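J.: Read top to bottom, the protein sequences are chains Y and Z.
If you use the numbering used here, the first sequence corresponds to residues 516 to 613, in order.
If you use the numbering used here, the second sequence corresponds to residues 516 to 613, in order.
No residue lacks a Cβ here, since even glycine has one placed at the ideal position from N, Cα and C.
If you're wondering where the values come from, they're calculated on a predicted model, not measured in any experiment.
Could you have a look at this structure, given as structure tokens, before my questions?
There are 2 protein chains.
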Amino acid sequence: MYVTIVHVQVKPEHIDKFIEATRLNYEASIKEKGNRRFDILQDIDDPGKFILYEAYTTQEDAKAHKDTLHYLMWRERVPMMMAKQREGVPYNCLFPQD
Amino acid sequence: MYVTIVHVQVKPEHIDKFIEATRLNYEASIKEKGNRRFDILQDIDDPGKFILYEAYTTQEDAKAHKDTLHYLMWRERVPMMMAKQREGVPYNCLFPQD
């Protein structure tokens, strides 16, 4: 499984809009081939701090996500909502092994 | 869904033992009632840095994990392998909503 954790810091005045844009991306992403997780987490202490936890069965599936219309629309909409540039960190997934 | 991200820093000489102890915990945890994710991730740049990504359907399911024999055994075995105390961070899971 190929996992990326994306860290996002959103400006307080854009939190609702960010959640709505990310919901649309989430709903389409979980229908993609090979998608295993697309969890959207909000920090309990800082509501402007989000984590997108994305996992795909293969590296090709993960890469194909970047070419989808819903991802491209999300990528277009959200930068102006962010307090700083988002950071995506890929991990070596030990378990599950499939 | 109730999500906790556990950050662990393992001493270099204990990495293999830590992975083995965590594999046992993983294999039993994914069979628990309400378990949705129990992903074990390793940092690509720092092989001693791990993330346990744990999700349960209800807060009760998440709490029950702490009373299982496999969790208690893991909790007993791993502290001596760690370079510093582990940190578990609970999140507000926005999506999925079930």
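Looking at C-alpha atoms only, which residue of Y:Q524, Y:F533, Y:E569 is the closest neighbour of I545 (chain Y)?
T.: Within the first sequence, numbered from 1, the residue matching residue 545 (chain Y) stands at position 30. When only C-alpha atoms are compared, the closest one is Y:E569.
J.: Three or more C-beta pairs under 8 Å: does that hold for the stretch 551-570 of chain Y against the stretch 521-528 of chain Y?
T.: At 8 Å Cβ cutoff, the stretches touch.
J.: Verify the CB distance criterion: does D613 (chain Y) have a CB-CB separation below 9 Å to chain Z?
T.: Counting from one through the first sequence, the residue named residue 613 (chain Y) turns up at place 98. Not closer than 9 Å to any Cβ of chain Z, the Cβ of D613 (chain Y) fails to qualify, so no.
J.: Which of helix, strand or coil does DSSP assign to T519 (chain Z)?
T.: Here residue 519 (chain Z) refers to the residue found at position 4 when the second sequence is read from its first residue. Strand at T519 (chain Z).
J.: Which chain Y residues are close to P527 (chain Z), counting only those with a beta carbon under 8 Å from its beta carbon?
T.: Reading the second sequence from its first residue, position 12 is the one you call residue 527 (chain Z). Neighbours of P527 (chain Z) on chain Y: none; closest Cβ ~16 Å, over 8 Å.
J.: From which residue to which residue does the alpha helix (DSSP H) around R592 (chain Y) run?
T.: Position 77 of the first sequence holds residue 592 (chain Y). Its alpha helix (DSSP H) spans residues 584-592.
J.: Just to confirm before moving on: does the CB-CB distance between T583 (chain Z) and G549 (chain Z) stay below 9 Å?
T.: Here residue 583 (chain Z) is taken as the residue at index 68 of the second sequence, counted from 1. Here residue 549 (chain Z) is taken as the residue at index 34 of the second sequence, counted from 1. Cβ distance not < 9 Å, so T583 (chain Z) and G549 (chain Z) don't count as in contact.
J.: Taking CB distances under 9 Å as the criterion, tell me whether V518 (chain Z) reaches chain Y.
T.: The sequence position of residue 518 (chain Z) within the second sequence is 3, counting from 1. It does; some Cβ of chain Y falls within 9 Å.
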